[in-house]
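The UniProt record's numbering applies: residue 1 is where the sequence shown begins, and numbers increase by one.
Glycine included, every Cβ here is placed at the ideal spot set by N, Cα and C.
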Amino acid sequence: MPSLRTSSSPQLRKEKKTINACVECYRRKQKCDRNEPCSNCVSRNVTSKCHYSHPRISGTTEEPIGTRIVQAPAPSDETHAFTTAVEPQAADMGYSSTAGSNALVDFKQLFPKVDGLHAVSTAHHHPFQRPEAFTTSSLANDRLPSRMAINKLVEFFFDDVNWQYFILEKQYFDCLVTCWYGTSVETLSHLSHKELGRELHYFPALLFQVLGLAIQFLPLNSTVWEFLSQADMALCQKYSDIGVELMRHAQGEIVALTKVQADFLRASWLKNIGKGVESWRTVGNAIRSAQELELHRHKSTHEQRSSSPRMALSRVWYEEYKRRLWMNLCIWDSLTAMILGRPRAIHPDDCDVEEPTECDIPQDPSTCVPATQVVLERDRPNTVSSNLFLYRLSNVWHTVKALQSDRHYPTDYSVVQQLHDRVNHIMDRLPPTLRHERPNLSWDNQYPYLRQQREDILTKANLVLMALHRPHIKYRAEARRAALQAALVILDSQHRSFMMARPHQYKLFGLSFYTIDASLLLSVVTATYLPQKDSEVVVKIDHVLCQAMNRLSIMHSYSPIARSGLAILRQCYHVLRTRLECDTAILNLPDSMATEPGNLRQESEADVLKDTLSELQPHPLHQQYEQHNHQESVSHAPTSLSSGFSASPLPLSNEPNSSQSAWNFDTNADAGFMATTGIQPPLHLGPSTTDFDETYWLNMINEIPDVLNIEPTEIVEIGGTVDAAALEYDPVWNQIQFFDSST
Numbered sequence: 001m002p003s004l005r006t007s008s009s010p011q012l013r014k015e016k017k018t019i020n021a022c023v024e025c026y027r028r029k030q031k032c033d034r035n036e037p038c039s040n041c042v043s044r045n046v047t048s049k050c051h052y053s054h055p056r057i058s059g060t061t062e063e064p065i066g067t068r069i070v071q072a073p074a075p076s077d078e079t080h081a082f083t084t085a086v087e088p089q090a091a092d093m094g095y096s097s098t099a100g101s102n103a104l105v106d107f108k109q110l111f112p113k114v115d116g117l118h119a120v121s122t123a124h125h126h127p128f129q130r131p132e133a134f135t136t137s138s139l140a141n142d143r144l145p146s147r148m149a150i151n152k153l154v155e156f157f158f159d160d161v162n163w164q165y166f167i168l169e170k171q172y173f174d175c176l177v178t179c180w181y182g183t184s185v186e187t188l189s190h191l192s193h194k195e196l197g198r199e200l201h202y203f204p205a206l207l208f209q210v211l212g213l214a215i216q217f218l219p220l221n222s223t224v225w226e227f228l229s230q231a232d233m234a235l236c237q238k239y240s241d242i243g244v245e246l247m248r249h250a251q252g253e254i255v256a257l258t259k260v261q262a263d264f265l266r267a268s269w270l271k272n273i274g275k276g277v278e279s280w281r282t283v284g285n286a287i288r289s290a291q292e293l294e295l296h297r298h299k300s301t302h303e304q305r306s307s308s309p310r311m312a313l314s315r316v317w318y319e320e321y322k323r324r325l326w327m328n329l330c331i332w333d334s335l336t337a338m339i340l341g342r343p344r345a346i347h348p349d350d351c352d353v354e355e356p357t358e359c360d361i362p363q364d365p366s367t368c369v370p371a372t373q374v375v376l377e378r379d380r381p382n383t384v385s386s387n388l389f390l391y392r393l394s395n396v397w398h399t400v401k402a403l404q405s406d407r408h409y410p411t412d413y414s415v416v417q418q419l420h421d422r423v424n425h426i427m428d429r430l431p432p433t434l435r436h437e438r439p440n441l442s443w444d445n446q447y448p449y450l451r452q453q454r455e456d457i458l459t460k461a462n463l464v465l466m467a468l469h470r471p472h473i474k475y476r477a478e479a480r481r482a483a484l485q486a487a488l489v490i491l492d493s494q495h496r497s498f499m500m501a502r503p504h505q506y507k508l509f510g511l512s513f514y515t516i517d518a519s520l521l522l523s524v525v526t527a528t529y530l531p532q533k534d535s536e537v538v539v540k541i542d543h544v545l546c547q548a549m550n551r552l553s554i555m556h557s558y559s560p561i562a563r564s565g566l567a568i569l570r571q572c573y574h575v576l577r578t579r580l581e582c583d584t585a586i587l588n589l590p591d592s593m594a595t596e597p598g599n600l601r602q603e604s605e606a607d608v609l610k611d612t613l614s615e616l617q618p619h620p621l622h623q624q625y626e627q628h629n630h631q632e633s634v635s636h637a638p639t640s641l642s643s644g645f646s647a648s649p650l651p652l653s654n655e656p657n658s659s660q661s662a663w664n665f666d667t668n669a670d671a672g673f674m675a676t677t678g679i680q681p682p683l684h685l686g687p688s689t690t691d692f693d694e695t696y697w698l699n700m701i702n703e704i705p706d707v708l709n710i711e712p713t714e715i716v717e718i719g720g721t722v723d724a725a726a727l728e729y730d731p732v733w734n735q736i737q738f739f740d741s742s743t
């Protein structure tokens, strides 16, 4: 039979037809008008399914976001040439779009119809789209666990992790999850279609940061592990790193709230593993993104253009949500600068945003105005009060820097006293559920995190006071007394926090860092200024330092910060003991103050046993995960932990006449005088390297001022002249008994 093809005839090819309809219209074999969303999908109320698998031939451009392609109108023919020519230059200019902030915005307001002017002012915000952003969705889907595992981890995050900072609001996060998975949802009343696209652009990175923090604090005996496959087990410790990788792929000139939140959660994850410098830089990235979104600027209610009252209310609450995120960034920026000695990225003069409203965001924001919500929940705990306190506290540090009160030899020392009183006043404004003195405990069972929030608030207030008085220890007796009292309150508060914490919470940054910071100041100042060795003050100091070392010895397998700080603190304590030339003072404590040897060990050991009870259960995946972490931690564990000292201690100063030259640590010092109540739990979830290593703590010791040739009488009676530190009246200090002013 002759062939249909000959050498002279062209090869028959079937031309592939271009699909112009949306996916839903193509599936239903309907004619599509190519709108976004198209009229068919709008009439059927399935707008979430309206997306296009192929680019439009003309008149449109594509912008990849989330798991779908969203089309944006192409520029008109009249302005195309102008836009193309000016766009690269406009992107380099970096003009703000805030009214009155620059000449270009003012010119646009005067002449709004000039062709191409809009392209110039907005090119800085969205000049180009990077093609690799399209791969974000596929990269995320390849590494995500099952939907059930995601749901379980997200639930754990909001129950056990989010309360630490309240960075996310669950209802808004759930909306993004639903939209990102592409299931049928109603149009979001608080976000336009364009705004939703921007939020979904970075949502995969945010989701992985949520999963990473959930894994970081997930107890070993949690049933959530059963939902993770073997492949998930190999990746779960890298979820936060995967989020950074996705952020890098999606990175562009698009700025969204999810980008800010992803960086924020990453900074929290880094801080818990001791990466303080990298965490500080990541918070800086979040702050810059938030400033591009103008979260630091006040927005009036009339600026919210809405088609209905319900949508207007939803947008009002969403702006409230943004203010809370900005407040959190301000807290982190200021307190990190104070604690780590880093510069601030936020200046108060640049901000005019109002304080957030002190109430929870309602489940249906479209039905309630903020003022009504405040009245309805006046006595009920909310997610804002603790952060609002910290925000006001962080503003104190801005004032300290503005008045240069953190420098030696202040022109007017009474300013320091006024700032001290201001901290006390902020403490007085706390709601009854959060105050440390005579708190309202009726809500504690319903909100278990309230107990830890109270201690965190007390600790943070005294951290500010300790930082406020630290530079003046050398020259002012009242500063020494106030700093010592602040350190004692911090250590007592941290001990209560530790006794409430579960072993999987030992990785919390503050539980180790604040203990070490206060203990070092207490050790060095006590040894330098030598109060009477038989005084009640020294007994109390010895007691809290022993407690601190016991806690760090328990947490050292969980926290690299605890590991490095414990080695230095033991040596500081040895120097202190040598200076005082007496036996362990804890043996002479009054009965009301003494701690039975082993009590801390028994309580903590019981918690660890409960938390690791699942090791005896037949969960192969769980056992494999635990074995993996144990081997990884052991391989990186420091070899000097058994003795508590680093192998090569660093001198505090190379100058022979340095005032700190007496603080040369003896590497052979025996730490056996410490009550060895620390147990050795299995090593879990923590790298052995940290920015807060022995060198960091030694530098902190070097920054504590010293005094030469001080009179013994002045040493004994430190602080008797400062009213703000009076134990009877000061809400910050009256939690402990220090010593009477008549001493």
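Residue i - containing alpha helix (DSSP H), residue span
i	result
Asp160	Run containing Asp160: none; DSSP gives neither H nor E here.
Asp421	Ser414 to Asp428
residue 756	What is shown of the chain runs 1 to 743, which leaves residue 756 out entirely.
Pro309	Pro309 to Leu340
Gly197	His193 to His201
Cys175	Lys170 to Trp180
Ala467	Leu450 to His469
Phe166	It is not in any alpha helix (DSSP H) - Phe166 carries neither H nor E in the DSSP assignment.
Leu393	Ser385 to Leu403
Lys152	Arg147 to Phe156
Among the options, the one whose alpha carbon lies nearest that of residue i
i	options	result
Pro503	Arg481, Pro471 and Leu552	Leu552
Asp270	Gln291, Lys238 and Met338	Reading the sequence as shown, one finds Leu at residue 270 and not Asp. The shortest C-alpha separation from Leu270 is found at Lys238.
Met499	Phe509, Tyr514 and Gln452	Gln452
Pro362	Glu377, Ala256 and Asp350	Glu377
Tyr558	Pro219, Pro410 and Ser240	Pro219
Val464	Leu388, Cys351, Asn221 and Asn395	Asn395
Gly274	Gly565, Asn151, His347 and Pro145	Gly565
Leu293	Arg266, His469 and Lys259	Lys259
Arg344	Pro356, Ile331 and Glu355	Ile331
Thr383	Asn35, Val23 and Phe158	Phe158
Leu295	Glu319, Cys25, Ser308 and Thr528	Glu319
Ala337	Ser279, Tyr321, Asp360 and Ser308	Ser279
Ala482	Gln446, Leu521 and Ile516	Leu521
Leu484	Tyr529, Ala501, Leu511 and Thr411	Tyr529
Ser192	Ala250, Ala256 and Met247	Ala256
Lys170	Tyr321, Glu355 and Phe208	Tyr321
Leu434	Ile457, Asp333 and Val416	Ile457
Ser512	His495, Val524 and Ala527	His495
Val524	Leu576, Leu246 and Leu235	Leu576
Val416	Asp428, Lys49 and Thr399	Thr399
Assumed close pair residue i, residue j - CB separation to whole angstroms, cut-off 8 Å
i	j	result
Glu199	Leu176	6 Å
Ser519	Leu441	That belief does not hold up - the Cβ atoms of Ser519 and Leu441 are roughly 29 Å apart, past 8 Å.
residue 748	Ile490	Because the chain spans 1 through 743 in this model, residue 748 falls outside it and cannot be assessed.
Ala149	Leu228	5 Å
Asn162	Leu153	Rounded, the Cβ-Cβ distance is 12 Å, inconsistent with contact.
Leu393	Ile426	6 Å
Ser385	Glu358	6 Å
Ala262	Ala214	The Cβ separation is near 14 Å, so there is no contact.
residue 757	Asp406	Nothing can be reported for residue 757, as the shown portion of the chain is limited to 1 through 743.
Asp492	Val539	Asp492 to Val539, Cβ: 14 Å. No contact.
Asp352	Arg297	6 Å
C-beta neighbour in chain C for residue i, strict 7 Å
i	result
Phe498	No chain C is part of this structure, which consists of one protein chain only.
(request) Give, in chain order, every unbroken run of the beta strand (DSSP E) that is at least 3 residues long and sits entirely within the segment 205–284. (result) Within the segment 205–284, no complete beta strand (DSSP E) run reaches 3 residues.
(request) At 4 residues or longer, and completely inside the segment 477–560: list those alpha helix (DSSP H) runs for me, N to C. (result) Within the segment 477–560, the complete alpha helix (DSSP H) runs of at least 4 residues are 477–500, 509–529 and 536–555.
(message) To test your reading of the DSSP string, which unbroken alpha helix (DSSP H) runs of 4 or more residues are found completely within the UniProt domain "Zn(2)-C6 fungal-type" (21–52)?
(response) 23–28 and 39–43
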